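Enquirer: I am attaching a structure below and will ask some questions about it afterwards.
In our numbering, the protein residues as written are -14 to 435.
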């Protein structure tokens, strides 16, 4: 097994900056014989769960992290002149469940309260949420390195001690090996600083692309990000072609003069004890009528709803409908989803009561008679032979997915209702990511090439 772990890596979720697909990162780490792999995207955790599951499947220890932006003063102060001036870089790695929760909190605060060009935190927020986090001093844009380049050794020393106090026994000075002139100066400073302060060193490569020959493709990606042409003299560009996922042998050779920086990558990975629970369900609390549990409340509501539906459907085989309803109710209860159905029917029927247009239902949920009885959908599945099993199947345990369309102009009212009723921490709007498909990429690359 290799004696090195990459701890500073930007995947496709460092949008239009990282050019490493998560599946390729994991497979390459596995091929290299590394005991672990890490993800540290810029300012977000978009890829964290995808990465965690992929690493676990490959029998690698997942190291979930983020390269956060630290405001130069308070995060509430928003006076930067450009994205490059938004804040210092800092690598944070979740050591355990507490660290992961703190990392989630920091990233959230960065977007909700500190966003100014970039999602930023400050040292007061770091102090409040540092438990369970391992910190690395980051690239040339890290504060320790910038303090040295701008003000000298005394400033770098004071800054390093400040971070060491924020992350006691969990702050590492990060060495990188590339052909940037500033990097050589910074590395010499970090070696001296480590000797003086006894802070540990760690070697990384700030990986932005997988292979060395991906550097040109990554450069074009930066052009697409900034709407620039490769020939533009003043555009953003990386002044090195070394930021690829180097092999452990290459990293060991690059840091042969400081082997402890290589050894510490594995030491950090060994400190990681993160086990995410991706199987438990955490529904918001639905309060059923007094004296009833969720199962009984859903059963009663569905039976009464079907009776009202059947009253408007003369001539149908009522037994067929009631048998189908009981079958579905049994599956829903056995799978533990009554609370989900009760919550969905609650906000849908509230919206209808407020005169907010609601779609009739689409997707596999249209095959559920329970959904029809609860007025979640407005489509009777039986005349069309729609299968409930496409929606929920006792042999394939997975969360139900009910697609609901609300009037675009009034959907905010529905969001406000569920937020107020079930709590802000129980409601989220989920993003989707646009991917770079072939047709669009040809156009974008052509534009970047001029």
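Every residue gets a Cβ at the ideal spot worked out from N, C-alpha and C, and that includes glycine. All figures in this text were calculated on a predicted structure; none of them were measured in a lab.
Run through DSSP, which three-state label would residue 203 get?
Expert: Taking the chain shown and counting its residues from 1, the one referred to as residue 203 is at position 218. If DSSP states are grouped into helix, strand and coil, residue 203 belongs with the helices.
Enquirer: For residue 166, is the classification buried or exposed, using 16 other Cβ atoms within 10 angstroms of its Cβ as the cut-off for buried?
Expert: Translated into positions along the chain shown, residue 166 becomes position 181. It is exposed - the Cβ of residue 166 has fewer than 16 other Cβ atoms within 10 Å.
Enquirer: Tell me whether residue 155 is buried or exposed, calling it buried when 16 or more other Cβ atoms sit within 10 Å of its Cβ.
Expert: The count along the chain shown starts at 1 and reaches residue 155 at position 170. Buried, because 16 or more other Cβ atoms sit within 10 Å of the Cβ of residue 155.
Enquirer: Taking the C-alpha atoms as reference points, what is the distance between residue 443 and residue 146?
Expert: The displayed coordinates of the chain run from -14 to 435. Any statement about residue 443 would go beyond what the structure contains.
Enquirer: If you scan the region 265 to 318 from start to end, which runs of the alpha helix (DSSP H) of 4 or more residues do you find wholly inside it?
Expert: Within the region 265 to 318, the complete alpha helix (DSSP H) runs of at least 4 residues are 279 to 296.
Enquirer: When you compare only the Cα positions, how much space is there between residue 337 and residue 369?
Expert: Your numbering for residue 337 matches position 352 in the chain shown. Your numbering for residue 369 matches position 384 in the chain shown. Going from the Cα of residue 337 to the Cα of residue 369 covers about 25 Å.
Enquirer: Where do the ends of the beta strand (DSSP E) carrying residue 187 lie?
Expert: Working through the chain shown from its first residue, we reach residue 187 at position 202. Unbroken beta strand (DSSP E) run through residue 187: 186 to 189.
Enquirer: For residue 32, collect the residues of the same chain with a Cβ closer than 8 Å to its Cβ; drop the 5 residues on either side in sequence, then sort them by chain order.
Expert: One-based indexing of the chain shown puts residue 32 at position 47. Closer than 8 Å at Cβ, skipping near neighbours: -4, -3, -2, 7, 24, 26.
Enquirer: Once DSSP output is grouped into helix, strand and coil, what is the label at residue 128?
Expert: Numbered from 1 along the chain shown, position 143 holds the residue referred to as residue 128. Residue state, collapsed to three classes: helix.
Enquirer: Which residue from 64, 189, 44, 93 puts its Cα closest to that of residue -10?
Expert: For this step, residue -10 is matched to residue 5 along the chain shown. For residue -10, the nearest C-alpha among the options comes from 189.
Enquirer: Answer with buried or exposed for residue 376, where buried requires no fewer than 16 other C-beta atoms within 10 angstroms of its C-beta.
Expert: What you label residue 376 is simply residue 391 of the chain shown in a count that begins at 1. Result: buried.
Enquirer: Within the chosen definition, does the region 288 to 296 reach the region 356 to 365 through at least 3 CB pairs nearer than 8 Å?
Expert: Counting Cβ pairs under 8 Å, three or more are found: they touch.
Enquirer: Could you name the residues that DSSP lists as bridge partners for residue 156?
Expert: Translated into the one-based positions of the chain shown, residue 156 becomes position 171. Paired residue(s): 120.
Enquirer: At what residues does the alpha helix (DSSP H) containing residue 492 begin and finish?
Expert: Only positions -14 to 435 of the chain appear in this structure, which leaves residue 492 out of reach.
Enquirer: Leaving aside the five residues before and after residue 40 along the sequence, list all residues of the same chain whose C-beta is less than 6 Å from its C-beta, in chain order.
Expert: Indexing the chain shown from 1 puts residue 40 at position 55. Only 11, 22, 47 meet the Cβ criterion.
Enquirer: Which residue wins for smallest C-alpha separation from residue 367, given the options 131, 303, 381?
Expert: Translated into positions along the chain shown, residue 367 becomes position 382. Selected option, being the one with the closest Cα: 303.
Enquirer: Near residue 68, which residues of its chain fall below 7 Å by C-beta distance, leaving aside the five closest residues on each side in sequence?
Expert: Along the chain shown, one-based indexing puts residue 68 at 83. Excluding sequence neighbours, residue 68 sits near 102, 103.
Enquirer: Measure the C-alpha to C-alpha separation of residue 163 and residue 121 and round it to an integer number of angstroms.
Expert: Mapped onto the chain shown, residue 163 falls at position 178. Mapped onto the chain shown, residue 121 falls at position 136. If I take the Cα positions, the gap works out to 18 Å.
Enquirer: In three-state terms, what does DSSP make of residue 52?
Expert: Within the chain shown, residue 52 is the residue found at index 67, counting from 1. In the structure shown, residue 52 sits in a strand (DSSP, three-state: E or B).
Enquirer: Reducing DSSP to helix, strand and coil, say where residue 88 ends up.
Expert: Position 103 of the chain shown holds residue 88. Reduced to three states, the DSSP call for residue 88 is helix.
Enquirer: Based on Cα-Cα distance, which residue from 281, 158, 199 lies nearest to residue 180?
Expert: Along the chain shown, one-based indexing puts residue 180 at 195. It is 158.
Enquirer: Looking only at its own chain, which residues have a Cβ that is under 8 Å from the Cβ of residue 389, when we skip the five neighbours before and after it?
Expert: Counted from its first residue, the chain shown places residue 389 at position 404. For residue 389, where only same-chain residues beyond five positions count, the Cβ hits under 8 Å are 329, 333, 343, 344, 346, 361.
Enquirer: In the region 17 to 79, which residue ranges form an unbroken beta strand (DSSP E) of at least 3 residues, counting only runs that do not cross its ends?
Expert: Runs of the beta strand (DSSP E) inside the region 17 to 79: 21 to 27, 46 to 55, 73 to 79.
Enquirer: Which whole-angstrom value is the C-beta distance of residue 385 and residue 322, which I expect to be below 8 Å?
Expert: As a first step, residue 385 is located in the chain shown; it is residue number 400 there, counting from the start. As a first step, residue 322 is located in the chain shown; it is residue number 337 there, counting from the start. Correct: roughly 6 Å between the Cβ atoms.
Enquirer: What is the rounded straight-line gap between the Cα of residue 77 and the Cα of residue 56?
Expert: Here the question's residue 77 lines up with position 92 in the chain shown. Here the question's residue 56 lines up with position 71 in the chain shown. Approximately 15 Å between the Cα atoms of the pair.
Enquirer: Could you check whether residue 253 and residue -8 sit closer than 8 Å to each other, using their CB atoms as the reference points?
Expert: Start at 1 with the first residue of the chain shown, and residue -8 comes out as number 7. Start at 1 with the first residue of the chain shown, and residue 253 comes out as number 268. It is a contact, given that the beta carbons lie within the stated cut-off.
Enquirer: Less than 8 Å between the C-beta atoms of residue 282 and residue 269, yes or no?
Expert: The count along the chain shown starts at 1 and reaches residue 282 at position 297. The count along the chain shown starts at 1 and reaches residue 269 at position 284. Contact flag unset, no.
Enquirer: For a test of your reading of the model: does the CB of residue 151 fall under 7 Å from any non-hydrogen atom of the ligand NAD? Yes or no.
Expert: Annotation note on the ligand NAD: not contained in the displayed structure, which lists no ligands.
Enquirer: Please state the DSSP three-state secondary structure of residue 404.
Expert: For this step, residue 404 is matched to residue 419 along the chain shown. Residue 404 falls in the helix class under three-state DSSP.
Enquirer: Could you give the first and the last residue of the continuous alpha helix (DSSP H) run that contains residue 439?
Expert: No information on residue 439 is available, as it lies outside the stretch -14 to 435 that the chain covers here.
Enquirer: Residue 414 by DSSP, collapsed to three states: which one?
Expert: Residue numbering aside, residue 414 sits at position 429 when the chain shown is read from its first letter. If DSSP states are grouped into helix, strand and coil, residue 414 belongs with coil.
Enquirer: Three-state secondary structure (DSSP) at residue 339?
Expert: Counting from one through the chain shown, the residue named residue 339 turns up at place 354. Correct three-state label for residue 339: coil.
Enquirer: Under the rule that 16 or more other beta-carbon atoms within 10 Å means buried, what is residue 171, buried or exposed?
Expert: Along the chain shown, read from residue 1 onward, the residue named residue 171 stands at position 186. With 16 or more other Cβ atoms within 10 Å, it is buried.
Enquirer: Cutting at 6 Å between CB atoms, please list the residues of its own chain near residue 271, excluding the five before and the five after it.
Expert: Working through the chain shown from its first residue, we reach residue 271 at position 286. Cβ neighbours of residue 271 beyond the five flanking positions: 324, 327, 328.
Enquirer: Spatial neighbours of residue 191 within its chain, please: C-beta separation below 7 Å, excluding the five flanking residues on both sides.
Expert: Working through the chain shown from its first residue, we reach residue 191 at position 206. The residues are -7, 124, 161, 228.
Enquirer: So residue 136 packs on residue 73, CB below 8 Å; how close in whole Å?
Expert: Residue numbering aside, residue 136 sits at position 151 when the chain shown is read from its first letter. Residue numbering aside, residue 73 sits at position 88 when the chain shown is read from its first letter. So it is not a contact: roughly 13 Å between Cβ atoms.
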